[in-house]
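Asks: Let me give you the structure first, and then I'll get to my questions.
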Amino acid sequence: MGDDTFSPQNMRGYRLTVFTQLRHAIEAMHHPEEMFQWMTSMMMQRFDVPIVQLWTCENGWTDQPSAHLWAMAAQNPSQPLYVISEKVATVVERIAKGQRSSSPLPIERVFPAYLSSLLKRYGLGFCAFCVVSKNVDFAPEAYARSHERTAAGFTFVVLLLLQQVPQQDFTPAINIILEQALAIAENRHLLLPVTAESVQITAQQEALAPETPPALPGLIIRKKQNAGLMLSSNPFASSVTITDKQALRFYEAIDGHKSVVELCNTTGMTLKEAQMALQELLSLQCIEIYTPEGWPVDTALLFKNR
Amino acid sequence: MNTRLIPNLLDVSLCLVALFIAVRSFDIYSRFRQYRLFILGLSMVLLSLSAAADFTSSYISVVALHTDWFLYIGQSVGFLFILLSLVQSSDRYLRSLMNVNILVFILLLILLLLSPALPAMPNATRTLFGFARLLICMFIMCAYFSAYMNKPVRFSLLMSASFFFFTIDYLITLEQYVVPTLSQYLFRAPADIIGVIGLVMLVSAVSIE
Chain A
18 MGDDTFSPQN MRGYRLTVFT QLRHAIEAMH HPEEMFQWMT SMMMQRFDVP
68 IVQLWTCENG WTDQPSAHLW AMAAQNPSQP LYVISEKVAT VVERIAKGQR
118 SSSPLPIERV FPAYLSSLLK RYGLGFCAFC VVSKNVDFAP EAYARSHERT
168 AAGFTFVVLL LLQQVPQQDF TPAINIILEQ ALAIAENRHL LLPVTAESVQ
218 ITAQQEALAP ETPPALPGLI IRKKQNAGLM LSSNPFASSV TITDKQALRF
268 YEAIDGHKSV VELCNTTGMT LKEAQMALQE LLSLQCIEIY TPEGWPVDTA
318 LLFKNR
Chain B
15 MNTRLIPNLL DVSLCLVALF IAVRSFDIYS RFRQYRLFIL GLSMVLLSLS
65 AAADFTSSYI SVVALHTDWF LYIGQSVGFL FILLSLVQSS DRYLRSLMNV
115 NILVFILLLI LLLLSPALPA MPNATRTLFG FARLLICMFI MCAYFSAYMN
165 KPVRFSLLMS ASFFFFTIDY LITLEQYVVP TLSQYLFRAP ADIIGVIGLV
215 MLVSAVSIE
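Sequences listed follow chains A and B, in order. Per this note's numbering, residue 18 is the first one in the first sequence, and the count goes up by one each step. Per this note's numbering, residue 15 is the first one in the second sequence, and the count goes up by one each step.
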């Protein structure tokens with residue numbers, strides 16, 4: 018593993034590269050597993066991760082196991098790939114229930130002792146995981162549910178087995194890739210929206226225009242701190258001038274905690290109008306967009322080609 | 015000639031200028047949520063209060079108001095928060111700094127209210143805080159000058175000039191404590207005049223668009 022593989026600059030660079038390539042590659046994909054396999058391989062190569070696995074667990078079920086391995090990539094074929102996969106399912110169920118991503122942990126803190134010692138024999142001493150819960154469904158031919166009742170979406174788990182501890186930006190970068198890849202997949206209809214009777218869809222979500230990024234309603238908007246303010250620009254003369262009335266109304270409602278949907282409720286705007294306002298505010302560089310977990314969203318990719 | 019004329023002029027000017035900047039800062043902060051503006055506003059309130067307290071104490075003789083504690087500590091802290099707000103611009107850093115600024119501001123208000131009960135400020139303490147204030151102003155001047163060198167705009171030039179005059183003002187003020195009492199007046203007047211020039215530069219910096 019190169020010394021600067023996990024430097025913040027590289028993290029951002031890798032993240033952008035993965036996205037740019039995914040945007041092109043997804044054109045030729047027709048099934049979600051193609052995208053998942055592509056993603057795990059890309060994460061393995063770009064981030065130099067020995068083993069990457071992508072799992073899903075069905076939401077809303079705590080008693081029945083539903084962990085499903087969709088894709089896996091490994092650098093070394095001699096590593097215990099499928100043996101690990103079968104035994105890891107229980108751990109993944111637990112991770113999915115916790116609904117929290119984790120920075121790299123010593124392997125024995127995640128896996129049972131016997132599995133930890135097996136992984137350590139292959140030099141895999143650390144494990145990180147990214148968890149994203151999403152109200153999406155798979156086409157019936159792609160995925161058979163573990164039960165017949167209506168679904169409440171899936172929890173996606175990316176499991177990363179590592180030889181050494183990467184920099185702290187590593188897990189957030191993987192998490193952002195996962196979130197945005199899922200958004201792209203949903204946009205490309207590789208993942209389907211959950212049907213109306215299975216979940217409570219808010220009026221705002223129903224009004225989601227087809228060209229609106231699927232992840233947008235849940236994202237958190239914050240006002241951007243102007244780095245040059247008071248240092249190289251007069252704070253009283255060069256404050257942001259927002260001429261668009263709707264953008265200004267939306268901007269004034271931003272409190273740093275509300276999601277796009279909540280801001281729509283506050284301002285009485287539709288998601289489509291909010292998206293226009295957001296694009297205006299982004300062009301003026303006076304806002305930043307974050308995931309609910311607090312990770313920055315690459316806005317260039319979020320609104321690309323829209 | 016009234017020996018308090020120029021110091022009073024400086025106090026009143028500083029109080030009004032700082033108050034003007036504070037009000038504008040809070041007004042813009044309420045609309046744009048730029049934490050740096052809140053910190054500037056609160057620091058300016060502190061400077062304004064310190065000048066007002068100094069001015070008031072020179073006219074009240076019924077009780078001895080030892081406002082020098084608040085004057086020196088308040089101004090040092092006010093300038094320190096302005097300097098710290100220029101160091102980084104991350105959302106988390108500025109928000110934390112703003113919270114600390116609010117807490118420190120409350121503590122300093124308590125110090126101001128305790129002025130009648132405080133002892134007179136010893137010269138050594140005065141020199142210490144005077145030196146701290148001088149250093150902080152010098153760092154702010156350097157920050158603005160460096161910003162000007164990176165991006166030559168009038169605002170950073172005027173701000174660095176303003177803090178240059180404040181630095182000179184505080185340097186001369188500091189020197190008066192190491193000369194005989196009689197000679198102190200020779201230092202005080204020029205220091206105050208330079209302070210007023212610094213304020214004029216500050217007003218120019220924030221007023222010229």
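Beta carbons are placed, not taken as given, at the ideal position from N, Cα and C, and that holds for glycine.
By Cβ distance, which residues of its chain are closer than 7 Å to Tyr158 of chain B, with the 5 residues on each side in sequence left out?
Replies: Working through the second sequence from its first residue, we reach residue 158 of chain B at position 144. The residues are Ser170, Met173, Ser174 and Phe177.
Asks: Would Gln197 of chain A be called buried (16 or more neighbouring beta carbons within 10 Å of its own) or exposed?
Replies: Along the first sequence, read from residue 1 onward, the residue named residue 197 of chain A stands at position 180. By the 10 Å Cβ count, Gln197 of chain A comes out buried.
Asks: For Gln181 of chain A, is the classification buried or exposed, using 16 other Cβ atoms within 10 angstroms of its Cβ as the cut-off for buried?
Replies: Along the first sequence, read from residue 1 onward, the residue named residue 181 of chain A stands at position 164. With fewer than 16 other Cβ atoms within 10 Å, it is exposed.
Asks: So which residues of chain A does Tyr86 of chain B contact, with C-beta pairs closer than 8 Å?
Replies: Position 72 of the second sequence, counting from 1, holds the residue named residue 86 of chain B. In chain order: nothing, as chain A lies at least about 24 Å away.
Asks: So that I know if they touch, is there some Cβ in chain B lying closer than 8 Å to that of Lys240 of chain A?
Replies: The sequence position of residue 240 of chain A within the first sequence is 223, counting from 1. Cβ-Cβ to chain B under 8 Å: yes for Lys240 of chain A.
Asks: I'd like to know if Ala161 of chain B contacts chain A, where contact means its C-beta is closer than 8 Å to some C-beta of that chain.
Replies: Counting from 1 along the second sequence, the entry for residue 161 of chain B is found at position 147. It does; some Cβ of chain A falls within 8 Å.
Asks: With a threshold of 16 other CB atoms inside 10 Å of the CB of Met215 of chain B, please say whether the residue is buried or exposed.
Replies: For the purposes of this step, residue 215 of chain B is taken as the residue at position 201 of the second sequence. When all chains shown are included, Met215 of chain B counts as buried.
Asks: List, in chain order, every chain A residue whose beta-carbon is nearer than 7 Å to that of Ser170 of chain B.
Replies: Looking up residue 170 of chain B in the second sequence gives position 156. Simply Leu248 and Ser249.
Asks: Figure out for me which residue from B:Thr81, B:Leu51, B:Ser129 and B:Gly88 has the closest Cα to the Cα of Met112 of chain B.
Replies: What you label residue 112 of chain B is simply residue 98 of the second sequence in a count that begins at 1. Answer by Cα proximity: B:Leu51.
Asks: Measuring CA to CA, which of A:Phe36, A:Asn204 and A:Glu203 is closest to Met59 of chain A?
Replies: Here residue 59 of chain A is taken as the residue at index 42 of the first sequence, counted from 1. The shortest C-alpha separation from Met59 of chain A is found at A:Phe36.
Asks: Look up Met46 of chain A in the DSSP assignment and say whether it is helix, strand or coil.
Replies: The count along the first sequence starts at 1 and reaches residue 46 of chain A at position 29. Looking at Met46 of chain A - three-state DSSP - the assignment turns out to be coil, as it is neither helix nor strand.
Asks: Please report the distance separating the alpha-carbon of Ser134 of chain A from that of Gly142 of chain A.
Replies: Taking the first residue of the first sequence as position 1, residue 134 of chain A is located at position 117. Taking the first residue of the first sequence as position 1, residue 142 of chain A is located at position 125. If you take the alpha carbons of Ser134 of chain A and Gly142 of chain A, they lie about 9 Å apart.
Asks: At what residues does the alpha helix (DSSP H) containing Ile96 of chain B begin and finish?
Replies: Taking the first residue of the second sequence as position 1, residue 96 of chain B is located at position 82. First-last of the alpha helix (DSSP H) with Ile96 of chain B: Asp82 to Val101.
Asks: Can you give the Cα-Cα distance for Glu279 of chain A and Cys74 of chain A, rounded to whole angstroms?
Replies: By 1-based counting over the first sequence, the position of residue 279 of chain A is 262. By 1-based counting over the first sequence, the position of residue 74 of chain A is 57. Going from the Cα of Glu279 of chain A to the Cα of Cys74 of chain A covers about 28 Å.
Asks: Does the beta carbon of Phe267 of chain A come closer than 8 Å to any beta carbon on chain B?
Replies: Reading the first sequence from its first residue, position 250 is the one you call residue 267 of chain A. No, Phe267 of chain A does not count as interfacial toward chain B.
Asks: Taking DSSP as the reference, what is the three-state secondary structure of Ser120 of chain A?
Replies: Working through the first sequence from its first residue, we reach residue 120 of chain A at position 103. Strand at Ser120 of chain A.
Asks: For the beta strand (DSSP E) holding Ala90 of chain A, just list the boundary residues, first then last.
Replies: For the purposes of this step, residue 90 of chain A is taken as the residue at position 73 of the first sequence. Start and end: His85 to Ala91.
Asks: Give the residues of chain A in contact with Leu61 of chain B, contact being defined as C-beta atoms less than 9 Å apart.
Replies: As a first step, residue 61 of chain B must be located in the second sequence, where it is residue number 47. What Leu61 of chain B touches in chain A: nothing, since even the nearest Cβ is about 15 Å away.
Asks: What does the alpha-carbon distance come out to for the pair Trp72 of chain A and Pro123 of chain A?
Replies: Here residue 72 of chain A refers to the residue found at position 55 of the first sequence. Here residue 123 of chain A refers to the residue found at position 106 of the first sequence. Answer to the nearest angstrom: the Cα atoms are 20 Å apart.
Asks: Could you pull out every residue in the same chain whose Cβ sits closer than 7 Å to the Cβ of His80 of chain B, ignoring the five residues on either side in sequence?
Replies: Locating residue 80 of chain B in the second sequence gives position 66, counting from the first residue. So the qualifying residues of the chain are Ser129, Leu132, Pro133, Ala134 and Met135.
Asks: Taking C-alpha atoms, which residue in B:Phe145, B:Ile208, B:Tyr107 and B:Ser71 lies nearest to Ala244 of chain A?
Replies: As a position in the first sequence, residue 244 of chain A is number 227, starting the count at 1. Here the closest residue by C-alpha is B:Tyr107.
Asks: Classify Trp72 of chain A as helix, strand or coil using the three-state DSSP reduction.
Replies: Start at 1 with the first residue of the first sequence, and residue 72 of chain A comes out as number 55. Reduced to three states, the DSSP call for Trp72 of chain A is strand.
Asks: For the beta strand (DSSP E) containing Arg239 of chain A, list its first residue and its last residue.
Replies: Taking the first residue of the first sequence as 1, we reach residue 239 of chain A at position 222. Element bounds for Arg239 of chain A: Ile237 to Lys240.
Asks: Since Val313 of chain A meets chain B, which of its residues come closer than 7 Å, beta carbon to beta carbon?
Replies: Along the first sequence, one-based indexing puts residue 313 of chain A at 296. The sequence given here has Pro at residue 313 of chain A, not Val. Under the 7 Å cutoff, chain B gives no residues; its nearest Cβ is about 10 Å from Pro313 of chain A.
Asks: Can you find a C-beta in chain B that's less than 8 Å from the C-beta of Pro252 of chain A?
Replies: As a working mapping, residue 252 of chain A is identified with position 235 in the first sequence. Yes, because at least one Cβ of chain B sits closer than 8 Å to the Cβ of Pro252 of chain A.
Asks: Are the beta-carbon atoms belonging to Glu297 of chain A and Ala270 of chain A less than 8 Å from one another?
Replies: For the purposes of this step, residue 297 of chain A is identified with residue 280 of the first sequence, where counting begins at 1. For the purposes of this step, residue 270 of chain A is identified with residue 253 of the first sequence, where counting begins at 1. Contact: no.
Asks: Could you tell me which chain A residues have their CB closer than 8 Å to the CB of Ala219 of chain B, listed as they occur along the chain?
Replies: Here residue 219 of chain B is taken as the residue at index 205 of the second sequence, counted from 1. Result: Asn251.
Asks: Got a sec? Which residues, its chain only, sit under 7 Å from Val31 of chain B by beta carbon, not counting five neighbours each side?
Replies: Stepping through the second sequence from its first residue, residue 31 of chain B is reached at position 17. Around Val31 of chain B: Leu213, Leu216 and Val217.
Asks: Within 10 Å of its beta-carbon, does Asn164 of chain B have 16 or more other beta-carbons around it, so buried, or fewer, so exposed?
Replies: Locating residue 164 of chain B in the second sequence gives position 150, counting from the first residue. Exposed, since its Cβ has fewer than 16 Cβ neighbours within 10 Å.
Asks: Cβ of Ile42 of chain B within 7 Å of any heavy atom in the ligand PLP?
Replies: The model depicted lacks the ligand PLP and carries no ligand whatsoever.
Asks: Could you name the residues of chain A that Leu108 of chain B contacts, counting a contact when the two beta carbons are closer than 8 Å?
Replies: Taking the second sequence and counting its residues from 1, one reaches residue 108 of chain B at position 94. Those are Gln242, listed as they occur along chain A.
Asks: Please list the segments of the alpha helix (DSSP H) lying wholly inside the stretch 18-56 of chain B, counting only runs of 4 or more residues, in order along the chain.
Replies: Complete alpha helix (DSSP H) runs here, min 4: 19-46.
Asks: At what residue ranges does the stretch 242-278 of chain A contain a whole run of the alpha helix (DSSP H), taking only runs of 4 or more?
Replies: Qualifying alpha helix (DSSP H) stretches, in chain order: 262-270.
Asks: Leu19 of chain B: which of B:Arg47, B:Ser62, B:Tyr73 and B:Met58 sits nearest, CA to CA?
Replies: Here residue 19 of chain B corresponds to residue number 5 of the second sequence, with the count starting at 1. Checked all of B:Arg47, B:Ser62, B:Tyr73 and B:Met58; the closest Cα to Leu19 of chain B is B:Tyr73.
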